[in-house]
Each structure stands twice: as C-alpha cells, then as structure tokens.
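Residue numbers (this note's numbering), protein chains in the order written: chain G, 1 to 204; chain W, 1001 to 1218.
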C-alpha cells in the first residue's frame, strides 16, 4: 500500500514548475508539503489526483486509493449537511455517514442548509467528506483554512485515526498542525525554465 | 450514478435551480406571439409548429450554462472527476437531469399552449411526440456546449453561439414533422430523422463532453 512517486514533474499553464520530485508515502505516514506560494503544491496534488497529466515521472499507486481535498469544499448551498454528505457517501459506495458527522462535530448542524453555515463549519463539512470516501490516501490542499483551534484539533485527531487504521495523508499547509509528520520541502524541486514544445501541448 | 441524478434534480427543484425558468420563458413567448401577430387564427395555426419549436429550443438554451458552471465554481466538478464514477456517466446523468427539469415540463406544457396558437386538433399528438423525441437531443448537445465553456467566466454568450448551430437540425426536423403531422400529411421521414439525431447525440456526446471537461480541468 505504499505510494512511490519518482522523478515527478508537473506543469501549470504550460510551464513546468516542479521537477524531479521523489518520495514514498507508506501506510500510517503523514507527509506535510511545504514551500513558498506558487512553488506548485496544489499543482502536484492535482497531478497526483489525476486531474492533470504528469509531464514526466511515475506514481506507483492507482488512483482508486486516493481522495483529493481541494481549496473549495464542493458543497451545494441549497442542500443540507446530511444531504451533502449522503451524496458523496453514495458516490463512494459508503452507507454510514454517522462517523463522519461525529468526527467533525456536525451532529447539531446536520439539518442546516450548507448556505447557512459559517466558513469554518463549511470547511468541517468539506473535511467530513474525506471520511465517507473510504480511500486510503488523503491528498489535502490547505485543509485548515478558516478553522478555529478546536476544529484544527478535530482535524488532527481525524488524520491520526485515519493513519492508525492504515491510511496515509499528504497535506499541503503553512501552519503547524501538531501532527507527528514528516516534512517534504518542495523548494529544492523548483524547475528550471524549459520549453514544452509550443502549441503541441494544446493537442496532447 | 443514480445519486448524481437525484442530487441534480433536487438542486434543480430547490430555490435558485433551473426548474421553472425554461418553462416560464416558453410560456411567455407562446403567450406573446398571438398578441404580436394579431387576431388571424388561420395565420396562427400555420405558424404554430414553428413558434412552439423555437420557443422550446430557446427555453432549453436558457438553463444550459448552469449545468457545469455551478459545479465548477464550488469545486464539486474537481471532486466528481476524481470520484469512482466515470466522468461520462456524470455527464450523461447531468444531461438527463437537465432534460427532466426542462425538456419534460416543456413537452407536457406544450399542448396547453398549443391551444393559444390555434393548433389544428390532429397536431396535439404530434406536438407531444416530436418534443418528447427532440428535446433530449437539445439537452445532450447543450451539455456538450456547457462542457466546452466550463471554467470561462461569463461563458453564456459563447455557449449560445456554439450550441445554436448544433440545434438547427433538430429544429428543422422537429418543426417539419410537427407541421406535416398537424396538416395531416405523412410525417414519418422527418420524425425518423429527428429520432436518429437524438439517438446519435445521446450515444456519442457524453464521451466527447467528458473528454472536454478533462481538458478544461487541467
């Protein structure tokens, strides 16, 4: 169940921004991605999630084991908390959303429309979605934006529980989450300028 | 995939959804035309098939840009693309949901509006039949157009320009089948052409639209 990433290069807007990224993520491990703004943390996570092709390099694990948590939570404002979670649970073939509601303290909010939630509550609902995916590897992009201290702790507990159960997490963040985690600094992998072959990129 | 269909129907029916928008537009167009044309019932009966079809087509067009744009803005499209459901299936379900909230209500409402346009009696069956066969094609072609313009800010204008020419064959054969049916002539040929377009579009365009979305999400 290890994920081996070797010599990965990713591009954004036709410009290669990261190259030669290699790491291994094994079961139970938490890997924090660090690096200045624009270094390519989001781009790398999107590449790993299969939303865009890698310019070069290999990822050993099939996409069926990974779930991607983006900047946006993907919530529908006219659905209630329960309806939002139930939808993702059905898509991923999971039947019970109660553990996800408990883990992020959403029981009191479950009949509220997502439209009426605060930013932090929306974020918690977005993170609760991870628990109904049943995927082993979480690839998260700035998961703690707009969370208060108590909610960050809920999130850290959820990540620890997930890893204790044999999962793994890849988290791009700038703040200290209080997690026992390894750190991967993307700074040294910044790509040198190169030509991707002009207009051909549009037809690949 | 049923979950996606149910979610889209629910979103369409709740406040801010597309349901009712197309229907109201259709109603307005068809009610206003007799006022514009004046009290000439023979002329109205003659142009009724064309008006009803053009009205239905424009009503379909109205809610197209919502199909993917809303999901793109709140990030659900990224998550759906990484979910264990084929993107082709997602696209097909979204097109089906669009038809159920737009095309189907139009089809059901059309006979009542046909009365306002003095449709001949034998035309009502044809009206429902041609719309029922033709509007799925409008939803599926429109979904393809929405996939092409996903991610563009205010892509509605471009979407209309891209989709309208693709709607023309459906309009020609749909209105022609209805006109012939209403005048009591044999309408099999245009009806079969209409059905053929719909069948082809429903079978092929979800794959094209899914490929387009994958490129647009990069």
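Backbone N, C-alpha and C define an ideal beta-carbon position, used for all residues, glycine too.
Query, Result
"Determine the chain W residues that contact residue 91 of chain G at a beta-carbon separation under 8 Å, and present them in chain order.", "1003, 1004, 1080, 1083, 1084, 1085"
"My output table needs one value for residue 34 of chain G: the three-state DSSP class, helix, strand or coil.", "strand"
"Name the chain G residues that come within less than 7 Å of residue 1065 of chain W, Cβ to Cβ?", "What residue 1065 of chain W touches in chain G: nothing, since even the nearest Cβ is about 17 Å away."
"If we count Cβ pairs, one from each stretch, closer than 8 Å, do we get three or more for the stretch 1171-1182 of chain W versus the stretch 1192-1212 of chain W?", "yes"
"Secondary structure at residue 92 of chain G, three-state DSSP: helix, strand or coil?", "coil"
"Please confirm whether residue 1022 of chain W and residue 1059 of chain W have their CB atoms less than 8 Å apart.", "yes"
"So with Cβ pairs under 8 Å, would you call residue 1162 of chain W a contact of chain G?", "no"
"Which residue marks the beginning of the beta strand (DSSP E) containing residue 1188 of chain W, and which one marks its end?", "Note, residue 1188 of chain W: premise wrong, no beta strand (DSSP E); alpha helix (DSSP H) at 1188-1217."
"What does residue 49 of chain G reach in chain W if we use C-beta pairs closer than 7 Å?", "1082"
"Do the stretch 1021-1037 of chain W and the stretch 1104-1118 of chain W touch if we need at least three Cβ pairs shorter than 8 Å?", "yes"
"Mind checking who residue 138 of chain G pairs with in its DSSP beta bridge?", "G/67, G/169"
"Count the other CB atoms, across all protein chains shown, that sit within 10 Å of the CB of residue 1098 of chain W; report buried if there are 16 or more and exposed otherwise.", "buried"
"Buried or exposed for residue 1035 of chain W, going by 16 or more other Cβ atoms inside 10 Å?", "exposed"
"What is the DSSP secondary structure of residue 1007 of chain W, counted as helix, strand or coil?", "helix"
"Check the Cβ of residue 64 of chain G against every Cβ in chain W and list those closer than 7 Å, keeping chain order.", "1084"
"Answer yes or no: does any C-beta atom of chain W fall closer than 8 Å to that of residue 73 of chain G?", "yes"
"Which bits of chain W does residue 155 of chain G rub up against, with CB to CB less than 8 Å?", "Chain W residues near residue 155 of chain G: none, gap ~18 Å exceeds 8 Å."
"Note down the Cα distance separating residue 1026 of chain W from residue 1121 of chain W, rounded to an integer number of angstroms.", "21 Å"
"Bridge partners of residue 84 of chain G, per DSSP?", "DSSP output for residue 84 of chain G lists no bridge partner at all."
"May I have the straight-line CA-CA distance separating residue 139 of chain G from residue 51 of chain G, to the nearest angstrom?", "12 Å"
"For a contact defined as C-beta to C-beta under 9 Å, what are the partners of residue 79 of chain G on chain W?", "1007, 1010, 1011, 1014"
"Can you tell which of G/98, G/5, G/20, G/167 has its C-alpha closest to the C-alpha of residue 187 of chain G?", "G/20"
"Under 7 Å: does the beta carbon of residue 1034 of chain W sit that close to some heavy atom of the ligand MN?", "The ligand MN is not part of the structure shown, which contains no ligands of any sort."
"Measuring only between beta-carbons, confirm whether residue 1179 of chain W sits less than 8 Å from chain G.", "no"
"Are there 16 or more other CB atoms within 10 angstroms of the CB of residue 90 of chain G, so buried, or fewer, so exposed?", "buried"
"Could you work out which residues of chain G lie near residue 1217 of chain W, taking near to mean beta carbons separated by less than 8 Å?", "51, 52"
"Comparing C-alpha positions only, which one of W/1053, W/1209, W/1165 sits nearest to residue 1134 of chain W?", "W/1053"
"Between residue 1079 of chain W and residue 74 of chain G, is the Cβ-Cβ spacing less than 8 Å?", "yes"
"Within the continuous beta strand (DSSP E) that includes residue 1019 of chain W, where are the two ends?", "No beta strand (DSSP E) holds residue 1019 of chain W; DSSP gives it neither H nor E."
"Given this structure, state the Cα-to-Cα distance separating residue 160 of chain G from residue 27 of chain G, to the nearest angstrom.", "12 Å"
"Write down the C-beta distance between residue 31 of chain G and residue 164 of chain G rounded to the nearest angstrom, noting that I regard them as a contact closer than 8 Å.", "Not really, about 16 Å apart at Cβ, beyond 8 Å."
"So is residue 1075 of chain W in contact with chain G if we call contact Cβ pairs under 8 Å?", "yes"
"Answer yes or no: do residue 24 of chain G and residue 3 of chain G have a C-beta to C-beta separation smaller than 8 Å?", "yes"
"My output table needs one value for residue 1183 of chain W: the three-state DSSP class, helix, strand or coil.", "coil"
"Under 8 Å between C-beta atoms, does residue 192 of chain G make it to chain W?", "no"
"Return the chain-ordered list of same chain residues with a C-beta closer than 8 Å to the C-beta of residue 1109 of chain W, the five sequence neighbours on each side being excluded.", "1023, 1026, 1027"
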